Each structure stands twice: as C-alpha cells, then as structure tokens.
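If you read the sequence shown in my numbering, its first letter stands for residue 19, the second for the next number, and so on.
Read through the structure below, which is laid out as structure tokens, and then see the notes.
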Amino acid sequence: MNERREREALRRIEQALRASVQVLKPFVPGAVKAEYKSAGDPVTEADRAVNQLLQEILLQDDEGWLSEESADDLKRLEKDRVWIVDPLDGTREFVEGIPEWCVSIAWVEKGKAIAAGITNPATAETFLGSAGSGLLYNGELAKPTAEATLTQAVVLASRSEVRRGEWKEFEEGPFSVRPMGSVAYKLARVAAGLADATWTLTPKHEWDVAAGVALVEAAGGVVTTLSQSPVTFNNASPLLPGLIASGIGLRDELVAFLAPHIAEAASRPR
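So this is what it looks like as structure tokens:
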C-alpha cells in the first residue's frame, strides 16, 4: 500500500474515532432504548448517529462503503479501497450497560485490512494501527503476548456464544476463558497483548471483524479463518466463516487444539 495513503487513512480514522466519542456522549449505556432487527439484533439511535458521522468523515468519491447500519451498495465491489465499519459493535452490551462495546473502523485495500481504529468510550481505550506503523494502545506501542502454551493462556469468548452454551465444549480446556462482548473489542485486546487469544466457530460479518483483524496483524499477531486461510474483505457476501486470533507463538498449539472442534462445528446442520 502507498505509505502516504496509509498515513492519511490513519489520520481520518483517528479523527472519526474522536468525533464518535463526542456523538456518543448524550447516550447513556444501560438507559438507551433499543429496537430489534428481523434477526433479533438490537439497534439504537446511537448506532445510527455514529454511522452517519463516520460516513460523513471517512467516505470519499473513489471509495466503497460497508457498514452494519447502511444498506449494502454492491458498487463497493468495483472499488480497490473500501471502508468497513461497525458504528457500535456490542450493541447488546451497550443496551445492558456492560462496558464491552466499541466503534470499529477498518480501511481495506484490494481485500486486505490495512489500517484500523477501535475505541471503547466506556473504558477510555483506543486502539489504532496499520501494516506500516504497528499498533498503538492509548498512544503507546503494543504487541500480542508472547505466550506459547495454552496452559497459561487467557482466551476471550463471545458473551453471547457463552450464553447460548456454545463454549461448553471448552470448559475443560487448559486455558482460562473470559466472556466478553464485541468481537471487535476482543480482537483489539488480543492485538494489544491484553489477552492471549480469541476465536469463534460462528460466522461473522465483515464489519464485525475487519478492524480487529487489521489491528492484530498490524501488531504482529495472526488471524486466520477456521480453514487456516487468510481473512479477506470486500466480498460479495459480507458473511465470513469463524476465525482464530492470537500471538504467533500460540498459533500452532491453538490450531491443533481447535481442529476437532472445527470439524464437529462444520458437521452440524445450519
């Protein structure tokens, strides 16, 4: 990627994150009215307000746009450079007053997530990074942990998946499991070395994971699909298979541990 474009993308991401924090201030987590989409997912006026702001700040004429809160314009497929955003990832936690939600922004070029930013106003955390610059966590350089064995690992699990019983098969695992909302936030925390790994065997949308994937990779960590292929973005269908993220030292043991669980998940009727 052109270094000048990367720097400019990071500048715009940082500007958009700061503006998003201001837009969210009138909304009180835990006291926000939610509506529910056809799939049962909550949406609030906060989601919509941040979505409008991000589009105004980020989008330029030669770029594509993919957001959870915008109608999908497939003209994005004709663009080399695309913004993939989730205005409020973890809306369910936001509505419940649990401080595990964030604004998630990714800059994608030719299918690869190059630069990204994630901010959690409830915890005053900001993660900002790119392929060329590495990762900054609240302004300080950060990397994934150097953990090399699952027996010492802290794994972040989807709070919703845990509630549905999808992590029961991992209860006897050799690691510690911490349920947490927002897949974007979980990926950002793995990128910054605040946890050792996260994974999901459940398909996710591109807007859920694009920024987190960019941050993990920018920091020197590893993210793959369940089939061990690289994660690519701006696909005609924005629904991706599950993914695995960790520091590089944990990758091989983690993949070996998950292999039978992945095979079992693949055999289940959808």
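Note that beta-carbon positions come from the ideal geometry of N, C-alpha and C, so glycine has one too.
This structure is a prediction, so every number in the text was calculated from the model and none was measured.
{"Check": "Looking at the structure shown, is glutamate 143 part of a helix, part of a strand, or coil, going by DSSP?", "Outcome": "strand"}
{"Check": "Could you tell me which of His223, Gly115, Gly230 sits nearest to alanine 140, measuring between CA atoms?", "Outcome": "Gly115"}
{"Check": "Counting only runs of 4+ residues fully inside the region 217–278, write out the alpha helix (DSSP H) ranges in chain order.", "Outcome": "224–237"}
{"Check": "Along the chain, where does the alpha helix (DSSP H) containing isoleucine 132 start, and where does it finish?", "Outcome": "Premise fails: isoleucine 132 lies in the beta strand (DSSP E), 130–138, not in any alpha helix (DSSP H)."}
{"Check": "Give me the Cα-Cα distance between valine 46 and glutamate 190, rounded to the nearest whole angstrom.", "Outcome": "38 Å"}
{"Check": "In chain order, what are the residue ranges of uninterrupted alpha helix (DSSP H) at least 4 long that sit wholly in the region 87–125?", "Outcome": "109–114"}
{"Check": "Within 10 Å of its beta-carbon, does asparagine 138 have 16 or more other beta-carbons around it, so buried, or fewer, so exposed?", "Outcome": "buried"}
{"Check": "Under 8 Å by Cβ, that's how I've got threonine 62 and alanine 49 pegged, so tell me the actual separation to the nearest angstrom.", "Outcome": "Incorrect: roughly 11 Å between the Cβ atoms, too far for contact."}
{"Check": "Sort Asn252, Val180, Ala236, Val234 by Cα distance to threonine 220 and report the nearest one.", "Outcome": "Val180"}
{"Check": "Is alanine 277 near phenylalanine 251, with beta carbons less than 7 Å apart?", "Outcome": "no"}
{"Check": "Cβ atoms of leucine 42 and alanine 64: under 7 Å apart, would you say?", "Outcome": "yes"}
{"Check": "I believe leucine 174 touches lysine 204 by the beta-carbon criterion, under 8 Å. Please report the beta-carbon distance rounded to the nearest angstrom.", "Outcome": "4 Å"}
{"Check": "The alpha helix (DSSP H) that contains serine 38, what's its start and end?", "Outcome": "21–42"}
{"Check": "Please report the straight-line C-alpha distance between glycine 211 and glutamate 165, rounded to a whole angstrom.", "Outcome": "10 Å"}
{"Check": "Any contact of the region 99–108 with the region 69–84, i.e. 3+ C-beta pairs under 8 Å?", "Outcome": "yes"}
{"Check": "Given a cut-off of 7 Å on the beta-carbon distance, is the pair glutamate 118 and methionine 198 in contact?", "Outcome": "yes"}
{"Check": "By alpha-carbon positions, which one of Leu95, Tyr54, Ala133 ends up nearest to arginine 30?", "Outcome": "Ala133"}
{"Check": "Taking DSSP's pairing of strands, which residues face glutamate 53 in a bridge?", "Outcome": "Val61"}
{"Check": "Applying the criterion that 16 or more other CB atoms from any shown protein chain within 10 Å of the CB defines a buried residue, is serine 264 buried or exposed?", "Outcome": "buried"}
{"Check": "Bridge partners for arginine 196 per DSSP, in chain order?", "Outcome": "Leu174"}
{"Check": "If leucine 154 sits next to leucine 146, beta carbons under 8 Å apart, how far is it from one beta carbon to the other, in whole angstroms?", "Outcome": "5 Å"}
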